[in-house]
Amino acid sequence: MVRISEDLIRRRAEHNNGEIFSLEEVSLHQQDIERIEHIDKWCRDLKILYLQNNLIPKIENVGRLKKLEYLNLALNNIEVIENLEGCESLQKLDLTVNFVGKLSSVESLKQNLHLRELYLVGNPCTEFHGYRQYVLACLPQLQWLDGKEIGRGERIQALQELDAVRRHVLEQEADYIEKREEQKRSGLKETTEKQEDPQINQLLSENQNGTHQNPESSSKAHTDAEDKEKEFWEKPCPFTPESRLEAHRHLEDKRRAKEKEREKPKNKTLRTLITADGRVMNVNEPKFDFSLTEDENNCMLLDLHVYRHMDTSLLDVDVQPTYVRVTVKGKVFQLVLPAEVKPDSSTAQRSQTTGHLLLILPLAHGEIKPKKPTARPTSVTSKQNTKKETRPVPGRELLEVDPGLAGSLANIVPKGKESSHKPLQLSQPHQHCGVEERPVSKDFVDDPEVPPLM
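Counting in UniProt numbering, the sequence shown runs from 1 upward without gaps.
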């Protein structure tokens, strides 16, 4: 049994930021609710209430909703129209496809002065002779009945024939109530017989335990269950609240049985990753493309083409000296490496553009390969057409000069001027940086507190 809880109403009040005290509209349809409760206390300002397609047998606990304008109770198990006198603002009432057989209960809506629309399509009372005339005469405030507008002439005629129509409607109503009591007794008897049936009890116990004695009994029980299922749906039965409730219970039991079957651990055949003799197998359950290369730094590069939009938290990488294992959403990718690597020095990177997973695996017994030296340009002599290669000397670099420029380099210093190899001498004190010192004036007084100019 599903109860109306505060959490249920808050979840249905997302448009109102989860606040229920100021809620004006709430939809509680298709929730398998079997009783109306708490709404008149928690949601006093409700104007629209949707309760269609539930299992509600009685209209109750809505009389305090003074502002309620529209109440939808279609596809429920309601048999009597009652307890709506307190809904002073009620304008529309929908009771489509219920079990209202007591048509005289419609007179309880006389106090709902603002009621303009009423829907009773699909109820047993609509089959009574004089049904429409009786409702029009009892509820003069109505403007629409079952989606059809009420004309003035039709209403006058209904009022004129009210006494005869009421007498005829009450007779049909009494016959229906008697028939309904018989349906209740037969339904109760049927339910008792089903509960006492040993075959059904055995099937129910086997379904609950989820186990059978042997394969033969399992197949027999499965066949019996299929036969019972077919018999249940093909057996003719009257359309009553009990039959509708029974069908709902049957579907609910099937749904729970399927959920239990899904929760049972499936005996999957585990794929062999490492054999009994210790041999590692190559496995690619996710069926990813990959490439394994070796770079110049003695590292192996494993490029695994992981899905681009897959979250990195779903990847589990395990690097061992002789193999690599990557688990992706429970599926294993395992690759045996051609050489031993260093697991502690290995790194994993994820591409932000392609989503590929790159594993950098340094070799355990590899040597670092030196880079190839770049060749120097060759020098050519003018007299001999031979090429001399200049080899680089470690720790020293030489400046190479084209032999054709030897004459021009010799004329850098002009001839006739001999260079002195004497040590440099300081210039005269009265000259500083090529600027001659001016004569000192006689009126100049040297102040010792002023620092000299540099």
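The beta-carbon is built from N, C-alpha and C at its ideal position, and this holds for glycine as well.
As the structure is a computational prediction, the values presented were derived from the model and not from experiment.
If you look at V135, you'll find it in the alpha helix (DSSP H) that goes 131-138. Note on V306: 16 or more other CB atoms within 10 angstroms of its CB, so buried under the neighbour-count rule.
For Q349, no alpha helix (DSSP H) encloses it; the enclosing beta strand (DSSP E) starts and ends at 347-350.
Counted as a single uninterrupted DSSP element, the stretch harbouring D277 is not any alpha helix (DSSP H), since DSSP gives it neither H nor E. Short of 6 Å from the beta carbon of R155, and not among the five residues preceding or following it, lie these beta carbons of its own chain, in chain order: L136. Close CB contacts of M310 within its chain, under the 7 Å cut and outside five residues either way in sequence, are with G355 (chain order).
Within the stretch 4-46, complete beta strand (DSSP E) segments of at least 3 residues are found at 25-27, given in chain order.
For K254, there are no CB contacts under 7 Å within the same chain when 5 residues up- and downstream are skipped.
With a threshold of 16 other beta carbon atoms within 10 Å, V324 meets it and is buried. Ranked by how close their Cα comes to the Cα of A158, the residues K184, R271, F288, L142 have L142 in first place. The alpha carbon of V26 has as its nearest neighbour, out of E14, T312, E259, the alpha carbon of E14.
For Q141, the three-state secondary structure derived from DSSP is coil.
CA-CA distance, I9 to R262, rounds to 30 Å. As the crow flies, the alpha-carbon of L145 is around 58 Å from that of K329. Per DSSP, reduced to three states, the secondary structure at R64 is coil, with no helix or strand assignment. With fewer than three CB-CB distances shorter than 8 Å, the stretch 14-23 does not count as touching the stretch 51-60. With respect to the C-alpha of D7, the residue from Q30, T327, E24, W42 having the closest C-alpha is W42. Within the same chain, L55, I56, P57, N98, F99, P241, R244, L245 come within 8 Å of N77 by CB-CB distance, once the 5 residues on both sides are set aside. For I81, there is no enclosing alpha helix (DSSP H), as DSSP marks it with neither H nor E. For Q160, the enclosing alpha helix (DSSP H) starts and ends at 152-160.
Shown here, F288 sits in coil according to DSSP, grouped into three states, outside any helix or strand.
Within the same chain, Cβ atoms closer than 6 Å to the Cβ of D289 are found at H305, the five residues on either side in sequence being excluded. Restricting attention to E173, L273, K92, the CA atom closest to the CA of V326 is found in L273. As computed with DSSP, I48 is found in a beta bridge with E25, Y70. Where E296 is concerned, there is no enclosing alpha helix (DSSP H), because DSSP gives it neither an H nor an E. Per DSSP, E171 has no beta bridge partner at all. For P321, there is no enclosing beta strand (DSSP E), as DSSP marks it with neither H nor E.
For the set L95, C87, L46, M300, the Cα lying nearest the Cα of E79 is the one of L95. Each residue's CA atom was taken as its position, placing H38 and E85 some 18 Å apart. Looking at G151, Q334, L139, P343, the one whose alpha-carbon comes closest to that of V283 is Q334.
Distances from the alpha-carbon of L359 to those of L23, L302, L337 put L302 closest.
With a cutoff of 7 Å on beta-carbon distance, V2 and I33 are scored as near each other. Exposure of A276 is indicated by the presence of fewer than 16 other C-beta atoms within 10 angstroms of its C-beta. Between the alpha carbons of I150 and D40 lies a distance of about 32 Å. When only Cα atoms are considered, M281 and L337 end up about 11 Å apart.
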